[in-house]
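Engineer: The structure's right below; bear with me while I get my questions together.
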Amino acid sequence: MTRVLAPLIGLFAKATEVEEREVAGLLCPPPSSELGDFAFPCFVLAKRLRKSPAQIAVELAERVSSDDTIVSAVAVGPYVNVRLRRAPFIGTLLEEVRNQGEGFGSSSSGVGKCVVLDFSSPNMAKPFHVGHLSSTIIGGSLSRLFAYQGYRVVRINHLGDWGTPVGQQITAFKRWGNRTELDKHPIAHMVDLYQRFHREKAENPGLEEEAREWFRKLESGDREAREFWEHIRAVSIQELNRAYARLNVEFDAYLGEAFYEGMLQETIEEVQKAGITEVSDGALIVPLDSKGIKTPLILRKSDGSTIYATRDIAAARYRAENYRFNLCLYVVAHDQELHFRQLFATLELMGYDWAERCVHVQFGHVHGMSTRKGGAILLDELLDRATEKVRETVMANQVLFRDVPAAEIDEVCEAVGVGAVIFGTLNHRRTKDVEFSWDNALNFNGETGPYVQYAHARLCSILRKAGDEPRGEVNVNFLTHDAEWALVKELARFPGVVEEACGQYEPSCVARYAVDVARAFTVFYDQCRVLGEEPELSAARLSLVNTTRVVISSALHLLCMKTPERM
Ligand code: ARG
């Protein structure tokens, strides 16, 4: 928790006998800044005090109005609107950022706790889908957000590297594959082969049987099948890692589905021991009616094979045992809602107390991003396209990237292009279905990644022109302009926004916040000259500029975006 709001929070906590944490969550900006700086809603007190919220507001306003930290407190309906004394508030903010730098906004609330994040998790033998991209981006950002709160974060790629699709892949490669192509573009080649397999199987029903046979061989340790599987797995991971690096995402472990193969027998026995299984048409199932779920979880099919869900039970047990997590987050599209409800319900029925710490962090569809048929994408292709589009926009514009040295243009185009894709995925609540458009995502004046990055570059440019980063204390009494005050209030929200983003598993809180700060900065910079004013005013404004740069840079970092210094 930042000290900036502490006096105000303390004041209301004392006056209402509501806990400080709760007060912090209740204080909000009034509908317009003319009404005041912060509003305190009195609804929560109504029950306890048996009075109407409006009446409480009147009394509360009276009680707090004599305090030093505020200029005025006025009851408006069920709210108390307060106006703060600006100078001490600004002073604390600038000082805090001066002392903490990029750590401003971080906290230690997660120290000693562990969160396991299962994200991206594409299927090795199948196309990478837009959903996998969303998962990669949301999961990447969540991993940084939790680390920022002090958590130990374990980032796991639950690669789909097992099951009949692998058999299909081997079949397709044996029939139509090309080694050189595989070495050069493993994923593109495998996706082509996979799609061809599914086109041709209609005319050639023998293909399916062949694929099943290959998977059986793989399961029983056949050398040829095994070697091929290992090879495509290794080259896929290599290629994925290259794309993940472009997205600024990393994993601590690839623990794919195959990893749990050896644990499945024991897993099934454990479920049986819990006495919750049944045999139905030769399949072993877990009925979940008692948990309000009509469809049972299938543990083992009638042909004796295990499925995705069996491996997820094994994976969850493995994680609980090895990481003793406080939270295990599955960042997976909402299409799999039923799967995760079944999984968590089964874990509960097995009696695991940690089952309630497993969460399906679901998200909606992003339309308009696919580069191939059927929603498939090639990550490199998509990111290349983003970078190219930035280059085109910049070429067509005389102002953009004027400051960027020729040798750095490529790097900046990449940072902004990739940033636009990331931001386009994170700037709305994750459960919403959205339409992605390149024009919107790359609009340097819209609510976009490029807009925020551009604000950051302008901040850097002001600081560069000033010659040196402002150090030491400044006289905040010079900062009296309303645009400065509006910016300061935005900046002070940062620690709360980070907390909210973690609590709701919503990186979008940070994305939207970054736009708000960039906007407040733009207004400030339109109305207030920084350089060339009298020295004390310039120094104070420069300190505010630096504070803004630190906050925007930290916010972009939490979104896994790069922060070019020139644009
Ligand atoms: N590979 C799966 C898919 O593409 C996603 C895996 C998500 N993680 C999990 N533990 N089930 O649909």
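Position 236, counted from 1, in the sequence shown is what this note's numbering calls 1060; the numbers after and before it change by one each time, with no gaps. Note that CB positions come from ideal geometry on N, CA and C, so glycine has one too. Predicted model, so just to flag it, every value in this text is computed and none were measured.
Does the ligand ARG have even one heavy atom less than 7 Å from the beta-carbon of tyrosine 972?
Structural biologist: Tyrosine 972: no, Cβ never under 7 Å from the ligand ARG.
Engineer: So for phenylalanine 864, helix, strand or coil by DSSP?
Structural biologist: DSSP places phenylalanine 864 in strand when its eight states are reduced to three.
Engineer: What is the C-beta distance between aspartate 861 and valine 906, in whole angstroms, given that I count them as a contact (C-beta under 8 Å)?
Structural biologist: With 8 Å as the limit, aspartate 861 and valine 906 qualify as a contact, their Cβ atoms being about 6 Å apart.
Engineer: Answer with buried or exposed for glycine 1296, where buried requires no fewer than 16 other C-beta atoms within 10 angstroms of its C-beta.
Structural biologist: Result: exposed.
Engineer: What does DSSP give as the partner residues of alanine 848 in its beta bridges?
Structural biologist: Answer by DSSP bridge pairing: none, since alanine 848 is not bridged.
Engineer: Residues in its own chain within less than 6 Å of threonine 1387 by CB, not counting five upstream and five downstream?
Structural biologist: Counting only Cβ-Cβ distances below 6 Å, and skipping sequence neighbours, we find His1280, Ser1377 and Leu1380.
Engineer: Would you say asparagine 947 touches the ligand ARG, meaning its beta carbon is less than 7 Å from a heavy atom?
Structural biologist: Asparagine 947 Cβ: within cutoff of the ligand ARG.
Engineer: Between which two residues does the alpha helix (DSSP H) holding histidine 1184 run?
Structural biologist: Where histidine 1184 is concerned, there is no enclosing alpha helix (DSSP H), although the beta strand (DSSP E) it sits in stretches over 1182–1187.
Engineer: For isoleucine 1056, which of helix, strand or coil comes out of DSSP?
Structural biologist: Looking at isoleucine 1056 - three-state DSSP - the assignment turns out to be helix.
Engineer: Rounded to a whole number of angstroms, what is the C-alpha to C-alpha distance between threonine 1371 and arginine 1254?
Structural biologist: Their Cα atoms are separated by approximately 29 Å.
Engineer: Spatial neighbours of glycine 1192 within its chain, please: CB distance less than 8 Å, with the 5 preceding and 5 following residues excluded, ordered by chain position.
Structural biologist: Same-chain partners within the cutoff: Glu1259, Phe1260 and Ser1261.
Engineer: Report buried or exposed for glutamate 1180, applying the criterion of at least 16 other Cβ atoms within 10 angstroms of its Cβ.
Structural biologist: Exposed, because fewer than 16 other Cβ atoms sit within 10 Å of the Cβ of glutamate 1180.
Engineer: Output the residue ranges of the beta strand (DSSP E) runs that lie fully inside the segment 850–930 and measure 3 residues or longer, sorted by chain position.
Structural biologist: Listed in chain order, they are 862–865, 894–900 and 903–908.
Engineer: Between cysteine 1284 and the rest of its own chain, which residues show a CB-CB distance below 6 Å, the 5 nearest in sequence each way excluded?
Structural biologist: Answer for cysteine 1284: Glu1389, listed in chain order.
Engineer: Which one of Arg1070, Arg1036, Ser889 and Arg1141 has the shortest CA to CA distance from proline 989?
Structural biologist: Nearest of Arg1070, Arg1036, Ser889 and Arg1141 to proline 989, Cα basis: Arg1036.
Engineer: Following a CB-centred definition, is alanine 1077 positioned closer than 7 Å to any heavy atom of the ligand ARG?
Structural biologist: False, no ligand heavy atom lies under 7 Å from that Cβ.
Engineer: Measure the C-alpha to C-alpha separation of alanine 870 and serine 889 and round it to an integer number of angstroms.
Structural biologist: Spanning the two alpha carbons is a distance of roughly 20 Å.
Engineer: When you compare the CB positions of threonine 893 and leucine 917, do they come within less than 8 Å of one another, or not?
Structural biologist: In this structure, leucine 917 does not lie closer than 8 Å to threonine 893 by Cβ.
Engineer: Closer than 7 Å: is that where the CB of glycine 991 sits relative to any heavy atom of the ligand MG?
Structural biologist: Absence of the ligand MG is noted for the structure shown, with the ligand ARG being the only ligands found.
Engineer: On a Cα-Cα basis, can you pick out the residue from Pro912, Glu846 and Met1014 that is closest to valine 895?
Structural biologist: When only C-alpha atoms are compared, the closest one is Pro912.
Engineer: The ligand ARG and glycine 984: does any heavy atom of the ligand fall closer than 7 Å to the residue's C-beta?
Structural biologist: Yes, the ligand ARG has a heavy atom inside 7 Å of this Cβ.
Engineer: Would you decide whether threonine 1119 is buried or exposed? Buried here means 16 or more other CB atoms lie within 10 Å of its CB.
Structural biologist: With fewer than 16 Cβ atoms within 10 Å of its Cβ, threonine 1119 is classed as exposed.
Engineer: Could you please give the first and the last residue of the uninterrupted alpha helix (DSSP H) stretch that includes tyrosine 1132?
Structural biologist: First-last of the alpha helix (DSSP H) with tyrosine 1132: 1132–1147.
Engineer: Quick one, which of Ala949, Phe1168 and Leu1151 has its alpha-carbon nearest proline 1010's?
Structural biologist: Nearest C-alpha to proline 1010: Ala949.
Engineer: Are there any heavy atoms of the ligand ARG lying less than 7 Å away from the beta-carbon of tyrosine 1154, as far as the coordinates show?
Structural biologist: Yes.
Engineer: Should the segment 1046–1061 be called in touch with the segment 991–1010, which here means at least 3 C-beta pairs below 8 Å?
Structural biologist: Touching, yes.
Engineer: Check serine 1377 in the structure and name its three-state DSSP category.
Structural biologist: Helix.
Engineer: Would you list the one or two residues that DSSP bridges to alanine 1104?
Structural biologist: A quick correction: the sequence has serine, not alanine, at residue 1104. Note: serine 1104 sits in a beta bridge opposite Ala1107.
Engineer: With distances taken Cα to Cα, identify the nearest neighbour of serine 932 among Pro1319, Leu1017, Gln992 and Val1300.
Structural biologist: The option with the nearest alpha carbon to serine 932 is Pro1319.
Engineer: If you scan the segment 1236–1271 from start to end, which runs of the alpha helix (DSSP H) of 4 or more residues do you find wholly inside it?
Structural biologist: With a minimum length of 4 residues, the continuous alpha helix (DSSP H) runs that stay inside the segment 1236–1271 are 1262–1265.
Engineer: Taking 8 Å as the CB-CB limit, is glutamate 1212 close to chain D?
Structural biologist: The structure shown has no chain D; it contains just one protein chain.
Engineer: State whether the segment 1166–1178 contacts the segment 926–941, with contact taken as three or more CB pairs (one from each stretch) at a distance under 8 Å.
Structural biologist: They do not touch, by the three-pair rule.
Engineer: What's the C-alpha gap between alanine 810 and glutamate 1034?
Structural biologist: Since the first and last residues shown for the chain are 825 and 1391, residue 810 lies out of range.
Engineer: Under a three-way DSSP split, which group does isoleucine 962 fall into?
Structural biologist: Isoleucine 962 falls in the helix class under three-state DSSP.
Engineer: Measure from the alpha carbon of leucine 983 to the alpha carbon of each residue in Ala971, Ser959, Pro831 and Tyr975, then state which is nearest.
Structural biologist: It is Ser959.
Engineer: In chain order, which continuous runs of the alpha helix (DSSP H) of length 4 or greater are located wholly inside the segment 1006–1065?
Structural biologist: Listed in chain order, they are 1010–1024 and 1030–1043.
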